[in-house]
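**Student:**
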Amino acid sequence: MSDNEFIDLRSDTVTKPSPAMREAMASAEVGDDVFGEDPTVNQLQERVAELLGKEAALFVPSGVMANQLAVKTQTQPGDEIIVEEGSHIFNYETAAPAMISNVQIRTLQGQRGVLTAEQIGSAVRSKDYHQPRTSLVCLENTHNRAGGTIYPLEEIQRIRDFSKSRGINMHLDGARIWNAWIASGTHPKDIARYFDTVSVCFSKGLGAPVGSAVAGTKETVEKARKFRKVLGGGMRQVGVLAAAALYALDNNIQRLAEDHDKAQLFAQKVGSVRGFTIDLPSVQTNIVIIDIANTGRTTTDILSLLRSKKVLLTEMTSSKIRAVMHLDVTKEQVTTAAQTIVTSFSHVA
Ligand code: TLP
2 MSDNEFIDLR SDTVTKPSPA MREAMASAEV GDDVFGEDPT VNQLQERVAE LLGKEAALFV
62 PSGVMANQLA VKTQTQPGDE IIVEEGSHIF NYETAAPAMI SNVQIRTLQG QRGVLTAEQI
122 GSAVRSKDYH QPRTSLVCLE NTHNRAGGTI YPLEEIQRIR DFSKSRGINM HLDGARIWNA
182 WIASGTHPKD IARYFDTVSV CFSKGLGAPV GSAVAGTKET VEKARKFRKV LGGGMRQVGV
242 LAAAALYALD NNIQRLAEDH DKAQLFAQKV GSVRGFTIDL PSVQTNIVII DIANTGRTTT
302 DILSLLRSKK VLLTEMTSSK IRAVMHLDVT KEQVTTAAQT IVTSFSHVA
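In the working numbering, each number is its position in the sequence shown, counted from 1, plus 1.
#1: Output the distance between the C-alpha atoms of V215 and G208, rounded to the nearest integer angstrom.
#2: CA-CA distance, E24 and G206?
#3: Leaving out the 5 sequence neighbours to the left and right, which residues in its chain are closer than 7 Å to V211 when beta-carbon positions are compared?
#4: Using three-state DSSP, classify E220 as helix, strand or coil.
#5: How big is the Cα-Cα spacing for A181 and E223?
#6: Label Y130 either buried or exposed according to how many other C-beta atoms from any shown protein chain fall within 10 Å of its C-beta, with 16 as the threshold for buried.
#7: So, under 8 Å CB-CB, R146 and T286 are touching, yes? Tell me the CB distance rounded to an integer number of Å.
#8: Span of the beta strand (DSSP E) holding R323?
#9: Is any heavy atom of the ligand TLP found at a distance shorter than 7 Å from the C-beta of D174?
#10: Helix, strand or coil: which one does DSSP assign to I342?
#11: Helix, strand or coil, according to DSSP, for Q334 in the structure here?
#12: Does the ligand TLP have even one heavy atom less than 7 Å from the beta-carbon of H89?
#13: For the ligand TLP, is there a heavy atom less than 7 Å away from the beta-carbon of G64?
#14: Where does T278 fall in DSSP's three states?
#15: Decide if L10 is buried, meaning its Cβ has at least 16 other Cβ atoms within 10 Å, or exposed.
#16: Pull up the distance between the alpha-carbon of Y93 and that of S19, whole angstroms please.
#17: Among E56, S136, G37 and Q120, which has the Cα closest to the Cα of V72?
#18: On the CB-based measure, 16 or more other CB atoms within 10 Å of its CB, does R229 come out buried or exposed?
#19: Taking the alpha-carbon positions, what's the A350 to A294 distance?
#20: What's the call for T331, buried or exposed, on a 16-neighbour Cβ count within 10 Å?
#21: Just checking E156 against the ligand TLP - is the residue's beta carbon closer than 7 Å to any of the ligand's heavy atoms?
#22: State the Cα-Cα distance for the pair Q46 and L59, rounded to the nearest angstrom.
#23: Identify the continuous alpha helix (DSSP H) that holds I192 and give its terminal residues.
#24: So, are the CB atoms of I8 and T337 less than 8 Å apart?
#25: For a minimum of 3 consecutive residues, which ranges assigned as the beta strand (DSSP E) are wholly contained in the segment 128-166?
#26: Does the Cβ of P78 have 16 or more other Cβ atoms within 10 Å, making it buried, or fewer, making it exposed?
#27: Can you list, in chain order, the stretches of the beta strand (DSSP E) that have 3 or more residues and sit fully within the segment 23-48?
#28: Got a sec: does the ligand TLP put a non-hydrogen atom nearer than 7 Å to the Cβ of N68?
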């Protein structure tokens, strides 16, 4: 069975570089990036800094490394950082803030992934010497686990005003900032302006095989460069990968609208199956979270039944599964996947 036969909706990370992207990679000019001499990496870093309105940006192998460099450069051991409880930094980065930065994480429950300035205000620690220092607030836009939701700009602005008044830095996990841009019309620069650091990914919706970046002031990015080396992330002739990222930025951002349409189509169809609960207002970009608690089945059951019918989804929590739209899945395939769920489960509940 060739893996092409599967309709793979596990993540927007599963895409493979297109022939045109591979051509761009093959013809990339390269140099030793540890010496700062890879022209394609330098071009990418300048491009990302410009897109985000920041002084500088650093190319890194993964979104996790980008986030962790942001935490490391803006905290001291023993500090506390505030994140939303469903955030990637808290749930999927293998406790890296504790291991790498020796910070404690304070989680707050958001509404569809969105925290308010008031919530953050009441969680910030006082100067009492028993308490840790709150040094960083991390937001996620779009918010993966909440279903690809977009952070309202007005709330970001309110959080920024508050954080600034308390001398607390802000980091944005913008792995999918591109989706937020296309769905809301707000340019990444107008989102990034409220944050000290921003991480972005080229290997999620944009189709590059690997690569992320972290952006901020020159000073912060230079610190991040040093820690990237500590983590073993200093790469050499890595322009071949930066070329894929540049190709992705040039060609694959506007088309994200198609992924958002596919998510709507999928959510409408699957949401009609009894026991498959979808919070439609949270389907704002390319992710669909399905609550299967009312089916009386386990996620493992449902996922393996779907796998046997060549449809791949992934588990989000013990009662939720996730489907993610991306550039390697057509509208027809998404319709087929949704129809498979309708026919497999309509009779059960
Ligand atoms: N997310 C992956 C999994 O790790 C869950 C996915 O399939 O969605 N920030 C956000 C918001 C992310 O969704 C991810 C990846 C990352 C950071 C980390 O990126 P990588 O995997 O490149 O380290």
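The beta-carbon is built from N, C-alpha and C at its ideal position, and this holds for glycine as well. These numbers were taken from a predicted model, which means no experiment stands behind them.
**Tutor:** The short version:
#1: Here residue 215 refers to the residue found at position 214 when the sequence shown is read from its first residue. Here residue 208 refers to the residue found at position 207 when the sequence shown is read from its first residue. Going by the C-alpha atoms only, they are around 18 Å apart.
#2: Here residue 24 corresponds to residue number 23 of the sequence shown, with the count starting at 1. Here residue 206 corresponds to residue number 205 of the sequence shown, with the count starting at 1. Each residue's Cα considered, the two are about 20 Å apart.
#3: Numbered from its first residue, the sequence shown carries residue 211 at position 210. The answer, listed in chain order, is P62, S204 and L242.
#4: Position 219 of the sequence shown, counting from 1, holds the residue named residue 220. Here E220 sits in helix by DSSP.
#5: Residue mapping note: residue 181 aligns to position 180 of the sequence shown, counting from 1. Residue mapping note: residue 223 aligns to position 222 of the sequence shown, counting from 1. Whole-angstrom Cα-Cα distance: 28 Å.
#6: For the purposes of this step, residue 130 is taken as the residue at position 129 of the sequence shown. Y130 is exposed by the Cβ-count criterion.
#7: Position 145 of the sequence shown, counted from the first residue, corresponds to residue 146. Position 285 of the sequence shown, counted from the first residue, corresponds to residue 286. Going by Cβ atoms, the distance from R146 to T286 rounds to 13 Å, so no, they are not a contact pair.
#8: As a first step, residue 323 is located in the sequence shown; it is residue number 322 there, counting from the start. Here the beta strand (DSSP E) through R323 covers K321 to V325.
#9: For the purposes of this step, residue 174 is taken as the residue at position 173 of the sequence shown. The answer is yes for D174.
#10: What you label residue 342 is simply residue 341 of the sequence shown in a count that begins at 1. Here I342 sits in helix by DSSP.
#11: Residue 334 sits at position 333 when you count from the first residue of the sequence shown. Looking at Q334 - three-state DSSP - the assignment turns out to be helix.
#12: Sequence index remark: in the sequence shown, residue 89 carries index 88 (1-based). Yes, the Cβ of H89 comes within 7 Å of a heavy atom of the ligand TLP.
#13: Numbered from its first residue, the sequence shown carries residue 64 at position 63. At least one heavy atom of the ligand TLP is nearer than 7 Å to the Cβ of G64, so yes.
#14: Walking along the sequence shown from the start, residue 278 turns up at place 277. In the structure shown, T278 sits in a strand (DSSP, three-state: E or B).
#15: As a working mapping, residue 10 is identified with position 9 in the sequence shown. Counting Cβ neighbours within 10 Å, L10 comes out buried, since at least 16 surround it.
#16: Position 92 of the sequence shown holds residue 93. Position 18 of the sequence shown holds residue 19. If I take the Cα positions, the gap works out to 28 Å.
#17: Taking the first residue of the sequence shown as position 1, residue 72 is located at position 71. Cα-wise, what sits closest to V72 is S136.
#18: As a working note, residue 229 is residue 228 in the sequence shown. Burial call: buried.
#19: As a first step, residue 350 must be located in the sequence shown, where it is residue number 349. As a first step, residue 294 must be located in the sequence shown, where it is residue number 293. Caution is warranted here: a pLDDT of 45 is assigned to A350, below 50, making its placement in the model unreliable, and no coordinate value can be reported.
#20: In the sequence shown, the residue the question calls residue 331 occupies position 330. When all chains shown are included, T331 counts as exposed.
#21: The sequence position of residue 156 within the sequence shown is 155, counting from 1. Checking the Cβ of E156 against the ligand TLP gives no.
#22: Counted from its first residue, the sequence shown places residue 46 at position 45. Counted from its first residue, the sequence shown places residue 59 at position 58. If you take the alpha carbons of Q46 and L59, they lie about 6 Å apart.
#23: Against the sequence shown, residue 192 aligns to sequence position 191. First-last of the alpha helix (DSSP H) with I192: P189 to A193.
#24: The count along the sequence shown starts at 1 and reaches residue 8 at position 7. The count along the sequence shown starts at 1 and reaches residue 337 at position 336. In this structure, T337 lies closer than 8 Å to I8 by Cβ.
#25: 135-141
#26: Residue 78 sits at position 77 when you count from the first residue of the sequence shown. The residue in question, P78, is exposed, as its Cβ has fewer than 16 Cβ neighbours within 10 Å.
#27: none
#28: Looking up residue 68 in the sequence shown gives position 67. Yes.
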